[in-house]
Amino acid sequence: MTLLEIPNRDARRLFLDHHALSLAPAERHGDDETLALIRRLGFVQLDSINTVERAHHMILFSRAPGYRREQLSALHHDHAALFEHWTHDASLIPIEFYPHWRHRFRAAKARIAASPRWQDRIGEDGEKLLRKVRRRLRREGPLMARDFEDKGAGGWWGWGPSKTALEMLWRTGEVAIARREGFEKVYDLTERVIPEELRKARPSETASTDWACREALDRLGIATPQEIAGFWKLASIANAKAWAAKALKRGEIVEVSVEGTDGSRQRAFAP
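In this text, residue positions in the sequence shown follow this note's numbering: the first is 54, and each later residue adds one.
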């Protein structure tokens, strides 16, 4: 089969377009426009490092000069249009995508339960501490790690047992990030952060894998199975390869040969 060949010049143009880097500056860029941009990108990765500016703001500034810093927290906290969780790193993600993270929560629960490192950090009374953290959140509402008395020392950014418990509950979906204050996470019960209809949605693992691969390729424009899998980190490379083979057979995507800057070629897929 002859592959569609994409010259390097065209590949670069496709990259800029799919990553929203060729947009004309808009006269107005309110909350709705910022949310539309994040949906187009898929998510915005959060970064605690602030040398010139935090990376999540730079991602949006570079695509929308009219973007304002307060819009991101407003979309997350005030409008509940975004939720915070992991893609390939901590990110703010359009809230309608939340149901597809259920399988990630389940996998995280199994991984944490089998991890000596996690169990060591939470201590011997881990289950008791998890119950205590749940009770405090239910009784007191949103809390930060510093609202708990213990403090860690050494590795894992100084996490103490309570911070570890909060992170375990967050990574497994029991707790959500309500907002950030001074870039510190404010945790609350998921039922008070995520709308009920999204919490009750139960897409199958096959449906979520199909969604993750299709939506990743749509946003990347051209990608290998490794890049498709790495976009959301919701599908394995093996699953991305299997999805691409089926989607190619159904005529939903095409296989292409992309020219690199050095003239070499790489096989990939495009929508």
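Ideal Cβ placement from N, Cα and C applies to all residues, glycine included.
Which residues bound the beta strand (DSSP E) around Glu137?
For the purposes of this step, residue 137 is taken as the residue at position 84 of the sequence shown. Its beta strand (DSSP E) spans residues Leu135 to Trp139.
CB Gly119 to CB Glu268, shorter than 8 Å?
Indexing the sequence shown from 1 puts residue 119 at position 66. Indexing the sequence shown from 1 puts residue 268 at position 215. In this structure, Glu268 does not lie closer than 8 Å to Gly119 by Cβ.
Euclidean distance between Cα positions of Ala323 and His109:
The sequence position of residue 323 within the sequence shown is 270, counting from 1. The sequence position of residue 109 within the sequence shown is 56, counting from 1. If you take the alpha carbons of Ala323 and His109, they lie about 27 Å apart.
From Leu128 to Thr55, what distance separates their C-alpha atoms?
One-based indexing of the sequence shown puts residue 128 at position 75. One-based indexing of the sequence shown puts residue 55 at position 2. One C-alpha to the other measures close to 46 Å.
Got a sec, what are the start and stop residues for the alpha helix (DSSP H) Val186 sits in?
Indexing the sequence shown from 1 puts residue 186 at position 133. Where Val186 is concerned, the enclosing alpha helix (DSSP H) stretches over Gly179 to Glu193.
Phe284 versus Trp264, Lys302 and Lys299, residue with shortest Cα-Cα distance
Translated into the one-based positions of the sequence shown, residue 284 becomes position 231. Taking only the C-alpha atoms, the option nearest Phe284 is Trp264.
Among residues of its own chain, excluding the 5 on either side of Arg381, which ones have a beta-carbon nearer than 6 Å to its beta-carbon?
The structure shown does not extend to residue 381, since the chain is modelled only from 54 to 324, so the question has no answer here.
Beta-bridge partners of Glu58, as assigned by DSSP:
Taking the first residue of the sequence shown as position 1, residue 58 is located at position 5. Answer is Ser310.
In whole angstroms, give me the CA-to-CA distance for Ile230 and Glu312.
Locating residue 230 in the sequence shown gives position 177, where the first residue counts as 1. Locating residue 312 in the sequence shown gives position 259, where the first residue counts as 1. Using only the alpha carbons, I get a separation of about 42 Å.
Separation of Ile112 from Phe201, as counted between CA atoms
Mapped onto the sequence shown, residue 201 falls at position 148. Mapped onto the sequence shown, residue 112 falls at position 59. Approximately 33 Å, taken between the alpha carbons.
Across which residues does DSSP place Ile230 in a beta bridge pair?
Start at 1 with the first residue of the sequence shown, and residue 230 comes out as number 177. Ile230 is bridged to Tyr240.
Any contact between the stretch 280-294 and the stretch 134-153? By contact I mean 3 or more CB pairs, one from each, below 8 Å.
yes
Is it buried or exposed for His132, if we count other Cβ within 10 angstroms and need 16 for buried?
On the sequence shown, position 79 is the one that residue 132 refers to. With fewer than 16 other Cβ atoms within 10 Å, it is exposed.
Please confirm if the stretch 69-78 is in contact with the stretch 248-260, defined as three or more CB-CB distances below 8 Å between the two stretches.
no
Alpha carbon to alpha carbon, what distance is there between Pro60 and Thr314?
For the purposes of this step, residue 314 is taken as the residue at position 261 of the sequence shown. For the purposes of this step, residue 60 is taken as the residue at position 7 of the sequence shown. Looking at the two C-alpha atoms, the distance is approximately 9 Å.
Kindly list the residues whose CB is nearer than 8 Å to the CB of Glu220, restricted to its own chain and excluding five residues on each side of it in sequence; keep chain order.
To locate residue 220, count along the sequence shown from 1; it is residue 167. For Glu220, where only same-chain residues beyond five positions count, the Cβ hits under 8 Å are Trp212.
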